[in-house]
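In this note's numbering, the protein residues as written are 1 to 646. Ideal placement from N, C-alpha and C gives every residue a C-beta, glycine not left out. Notes to accompany the following structure.
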Amino acid sequence: MATGPSSSATPYIVASEPNVRYTSIFTVGDSVNNKPGTTTPYRFVGIPDGIGAFDNGNGTMTVLVNHELGASAGVARAHGGTGAFVSKLIVNKADLSVADASDLIQTLKVWNVGTSSYVTATGSLNNLARLCSGDLAEPSAFYNAATGKGTQARIYISGEETGPEGRVFAHLVTGSDAGTSYELARLGNTSFENSVASAFGGDKTIILSTDDATPGQVYLYVGTKTDNGSDIEKAGLTNGQLYGIKAAGIGFNATSEAALNGATPTSGAFTLAAFGNVENMTGAQLETASDTAQVSEFWRPEDIAWDPTNGNVAYFVTTASFTGLSKLYKLTFTDINDPTAGGSYEVLLDGTEGQRMMDNISVNQDGTLILQEDVGNNARLGKVWHYDPATDKLQELGQHDPARFAAPTAPFNQDEESSGVIDVTSILGDSDTQAFLLDVQAHYTISGELVEGGQLLAMFIDEVKNGGAGNDRVAGDANDNFALNGFAGNDEMLGGSGNDGLLGGRGADTLVGGRGSDVLQGGLDADTFLFGTVTNTIGDFTAGANDIITDFRISDGDTINFGGATVIDVRVSFLAVEGNVNGIDLDNSARALDLEVTLVKGGVTQKVTILDAYNFQSNAYWEGVLGVDLTYPRPLPTGSAFVDIG
């Protein structure tokens, strides 16, 4: 868990697995620059939701963040209206510091039904309400390189989750029209959770939308890319038709959650009901038309996402209620080149697997999913999950920080949710680490501009390398943050030069963190935590590298070995370990305890003595520096040992 250079707070989400870590990037109230032309700080505002991101090619990335404010909340934004808006952040990739922050939307264009044309929004039409999830689709969603049709401008889509008359907008991020947002009238009016564009449409522009209502529908928009007109016209966002998904066996116009989430089928075919051009229809009219056409309804259909590994596949979740069945659906189109031909659906998670009130999702570059919970004002820490459709395995990755949200510490309360997750492995990850952006909505009130609490974070999932039941040698490499599991057997765990997580498991294991700040967990049996060799080739003793041993146990015969240390500052502290700490070998002499050792660095010789060695206090800190040996209390997490070499 790390606090980014621009964040005033530690991450609001904590990891549930040793190979998962979170870094806070920006917390509500944080600022790095002023609003344009003023001396007023541009502050990160509350209720962050949908996210989009792309690499700028210069060591930074652009991050777009919706703020799900009500229409009258907050202050007037750059486009002149109050309520919801989109932050545009420039973030340094190396350390996740925020270099600049501004409003994306400078001008808002809305659809005038009377003239069937776009006009600049004024009055209440200029006040956006609850921009929810967001989608910055791949460039191929709006540009077909094979035919040259479409636009290469980056377009971010987000809609208002505000009842049946909610609007959805295309926000131009790059190109000649950058900073202008257009209402997409042909996608209809509904309580938009998300509208996501397929990267596999070719000359077609294909968008799936979810209506977050109780109950709500799933809609499909199909337009045609062109090579003339404005960017949104070229993108095929102004000439398409709208369809509703009719899933066999799933009803419509239901009045209760039980009616929809009870004994519904777990798979079947779906067809599409055609509504044509809906640009001048109201949301109420679209709802009536949907019921007449018997379009299927779901109990709060939430986020939806296309599978980047299979153009025919998309996934969506239903939130349901805290005591209801929160489900994950898979839609498989027969042929994405002919999306109106329909396809099949399947319920992958039926709500009994442990998840509650799923809200936002991401389908990752490897075809797995990240699922986020919005448990509302209920006494449960909202969780982040990983799901693999290939293995049907659901794994918890994190939960909201118990210190803040479990027995809430003011100003926090139990009404929290995580949201907005997107895969940014291509920007921040590597061959061993998946990277994601996500945010937290902390639903406590803040007066004025900020409205509520929240935070933007990064999540990293490190590759897990596993040994087997025998005696294994499991090694990392120069990259950071491997999760190495030895399992049974007498294993040798070598972290390499990254920041590593080593888990020995059952057996007498040797754990060598190597360079970097490592977490070492020996597991059962007599384990050796090795911090150097006689020739010091491991290179543990790097300034600033702090290793944590999580389970030092004398009863197991564990030993901490500093053999070969060639530095003049060795610090070791322990708290709440078993009995006296008598398993320290400083000079690799294989003795159970060293009273004294000579360390040499840069021609300087230091003789280090452990004070009161045979009765070393369990809550003590030992530091060896030239001419000084000290023992004094130093608080640490219960059951941990902390080693700082260098």
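Between ILE336 and GLY46, the C-beta gap is not smaller than 8 Å, which leaves the two residues out of contact.
For GLU183, the enclosing beta strand (DSSP E) stretches over residues 180-183. Counting along the chain, PRO402 sits inside no beta strand (DSSP E); it lies in the alpha helix (DSSP H) bounded by residues 402-405. Pairing ALA197 with TRP306, the inter-Cα distance amounts to about 8 Å. ILE336 sits in coil when the DSSP states are folded into three classes, being neither helix nor strand. In the DSSP assignment, ASP55 falls within the beta strand (DSSP E) that extends over 48-55. Contact between the stretch 131-138 and the stretch 15-24 is absent: fewer than three C-beta pairs spanning the two stretches fall below 8 Å. With a cut-off of 8 Å on Cβ pairs, the stretch 370-383 is in contact with the stretch 412-432, counting three or more such pairs. With a beta-carbon spacing of about 4 Å, GLU346 and SER267 fall inside the 8 Å limit used to define contacts. Pairing TYR243 with LEU220 gives a Cβ-Cβ distance under 8 Å. Residues GLY249, ILE250 of the same chain have their beta carbon placed closer than 7 Å to that of THR264, with the five preceding and five following residues left out of the count.
In the DSSP annotation of this structure, the continuous segment of the beta strand (DSSP E) that includes ALA269 starts and ends at 267-276. The beta carbon of THR318 sits closer than 7 Å to the beta carbons of PHE298, TRP299, ARG300, PRO301, GLU302, SER326, LYS327 from its chain, once the five residues preceding and following it are set aside; these are given in chain order.
Residue pairing by DSSP places ALA15 opposite GLY398 in a beta bridge. Between LEU172 and the set ILE427, ALA71, GLU233, the nearest pair of CA atoms involves GLU233. Cα atoms of GLY188 and ASN194: separation of roughly 13 Å, rounded to the nearest angstrom.
DSSP places GLY123 in the helix class (H, G or I) of the three-state scheme.
The distance from the Cβ of LYS109 to that of GLU183 is about 7 Å, consistent with a contact at the 8 Å cut-off. Taking THR334 as the centre and dropping the five residues before and after it, the same chain places the C-beta of ALA341, GLY343 closer than 6 Å to its C-beta, in chain order. Scanning GLY367, ASP212, LYS93, ALA273 for the CA closest to the CA of THR391 turns up GLY367.
Pairing VAL63 with VAL28 gives a Cβ-Cβ distance that is not under 8 Å. For the set GLN217, GLU161, THR40, the Cα lying nearest the Cα of SER191 is the one of GLU161.
In the same chain as PRO408, and ignoring 5 residues on each side of it, the C-beta atoms closer than 6 Å to its own belong to GLN414, in chain order. In the DSSP assignment, TRP385 forms a beta bridge with LEU371, GLU396. By the 16-neighbour rule on beta-carbons within 10 angstroms, GLY229 is exposed.
Its chain contains ALA199 as the residues whose beta carbon lies nearer than 7 Å to that of GLU138, once the 5 sequence neighbours on both sides are disregarded; these appear in chain order. DSSP places ASP462 in the strand class (E or B) of the three-state scheme. The DSSP assignment places 231-234, 257-261 as complete runs of the alpha helix (DSSP H) inside the stretch 174-261, in order along the chain (cut-off: 4 residues).
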